[in-house]
Structures are given as C-alpha cells and as structure tokens.
Amino acid sequence: METKPIQSVTKDITRACLIEKVLPAIRAKWLASDSNNPIFLQQDNARAHIGKNGLEFIEASRQDGFDIRLCLQTSNSLDLNVDELVEAVERSFDEMKVKQLNHVFLTLQSCMIEVMKDSGGNNYKVMYITILLS
Numbered sequence: 001m002e003t004k005p006i007q008s009v010t011k012d013i014t015r016a017c018l019i020e021k022v023l024p025a026i027r028a029k030w031l032a033s034d035s036n037n038p039i040f041l042q043q044d045n046a047r048a049h050i051g052k053n054g055l056e057f058i059e060a061s062r063q064d065g066f067d068i069r070l071c072l073q074t075s076n077s078l079d080l081n082v083d084e085l086v087e088a089v090e091r092s093f094d095e096m097k098v099k100q101l102n103h104v105f106l107t108l109q110s111c112m113i114e115v116m117k118d119s120g121g122n123n124y125k126v127m128y129i130t131i132l133l134s
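Numbering (this note's numbering), first residue to last: 1 to 134.
Below, the structure written as structure tokens:
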C-alpha cells in the first residue's frame with residue numbers, strides 16, 4: 001500500500017475515496033445474502049463531504065445489488081457529541097453497576113440507529129430495549 005500526502009481534502013477527493021475504496025471494501029466484506037438491505041454511511045457536515053444525492057455516488061452505491069446510502073449527521077447533534085459521551089461514560093463507569101451500564105449502552109445503540117434512520121437528525125423517540133433490560 002502506498003500513501004501520498006494531500007494538500008487539502010476536497011469533495012472530489014472524498015467522492016473518489018468513497019467510490020474507489022469504501023464502497024468496494026463494504027461489498028467485499030458484507031454478506032451477499034444481506035446485500036438487499038440498506039447500508040447507511042453517516043458523515044458529518046464537513047465541507048469536503050459529498051451530498052447524499054450525488055448521482056456519481058448513487059450510481060456506484062447501487063452496483064452488485066447493494067443499497068448503500070449516505071446520510072448526514074445534524075450539526076452539533078447532542079446525541080453523538082463524542083467529548084460529552086466520553087465524559088458521561090467515565091462518570092457512569094465510576095458510579096454505576098455493570099448491569100446499569102449495559103442498559104445505558106443498549107439505549108445509546110438504539111438512539112444511534114434511530115439517528116441514522118432519521119438521516120442524521122434527532123427527531124425520534126428513544127426506543128428502550130425492554131426485553132434485553134430485564
């Protein structure tokens with residue numbers, strides 16, 4: 001593998017990387033039997049990221065029967081702020097019992113899934129996984 005320095009990342013570079021590297025890697029590792037289910041790639045709103053409706057990406061993402069979609073994270077999404085999450089995890093680790101922590105992470109996982117379903121937004125109800133929490 002050869003790496004080369006880039007002066008700055010642009011939309012064209014991001015698009016090329018997604019189409020030439022990320023999409024083929026997903027296709028190579030994804031179970032063929034599950035390829036008809038949508039796969040969501042979430043990106044933040046950095047200027048160099050491409051729009052979710054770019055024809056070149058959409059065409060490449062539909063190859064081989066796959067349904068790979070881009071979605072954008074809402075700016076300053078409180079649910080996915082990494083620094084706040086790390087602080088909360090550290091506090092919780094010290095204060096909570098293991099079973100309680102497991103409940104928290106299962107709820108966080110369900111929230112992240114709902115954020116992706118909402119195309120990066122935060123217009124969803126928290127889904128509690130009651131079967132796993134008992």
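Ideal Cβ placement from N, Cα and C applies to all residues, glycine included.
Going by DSSP, name the residue or residues bridged to residue i.
{"i": "Leu-18", "result": "According to DSSP, which records beta bridges pairwise, Leu-18 is partnered with nothing at all."}
{"i": "Ile-68", "result": "Ile-39"}
State the start and end residues of the unbroken beta strand (DSSP E) segment that holds residue i.
{"i": "Arg-62", "result": "Counting along the chain, Arg-62 falls outside any beta strand (DSSP E), and DSSP gives it neither H nor E."}
{"i": "Leu-41", "result": "38-43"}
Sorted by chain position, which residues of the same chain lie with C-beta nearer than 8 Å to residue i's C-beta, five sequence neighbours on each side aside?
{"i": "Ala-32", "result": "none"}
{"i": "Lys-52", "result": "Arg-69, Leu-70, Cys-71, Leu-72, Ser-119"}
{"i": "Asp-64", "result": "Arg-27, Ser-35"}
For residue i and residue j, which I take to be in contact (beta-carbon distance under 8 Å), what is that distance rounded to the nearest angstrom?
{"i": "Ile-58", "j": "Ile-26", "result": "Between Ile-26 and Ile-58 the Cβ distance is about 15 Å, and since that is not below 8 Å, they are no contact."}
{"i": "Ser-119", "j": "Cys-71", "result": "4 Å"}
{"i": "Thr-14", "j": "Ile-50", "result": "6 Å"}
{"i": "Met-96", "j": "Glu-114", "result": "23 Å between Cβ atoms; not a contact."}
{"i": "Phe-40", "j": "Met-116", "result": "5 Å"}
{"i": "Ser-92", "j": "Leu-101", "result": "6 Å"}
Go through its chain and collect everything with a Cβ distance to residue i's Cβ below 6 Å, but skip five positions before and after it.
{"i": "Ala-60", "result": "Ile-19, Leu-23"}
Along the alpha helix (DSSP H) that carries residue i, what are the first and last residues, could you check?
{"i": "Pro-5", "result": "Element bounds for Pro-5: n/a, residue is neither H nor E."}
{"i": "Thr-107", "result": "98-117"}
{"i": "Ser-92", "result": "82-95"}
{"i": "Arg-47", "result": "It is not in any alpha helix (DSSP H) - Arg-47 carries neither H nor E in the DSSP assignment."}
{"i": "Leu-23", "result": "23-29"}
For residue i, collect the residues of the same chain with a Cβ closer than 7 Å to its Cβ; drop the 5 residues on either side in sequence, then sort them by chain order.
{"i": "Ala-88", "result": "none"}
{"i": "Gln-42", "result": "Cys-71, Gln-73, Met-116, Gly-120"}
Is residue i close to chain B, meaning its C-beta is less than 8 Å from at least one C-beta of that chain?
{"i": "Lys-52", "result": "No chain B is part of this structure, which consists of one protein chain only."}
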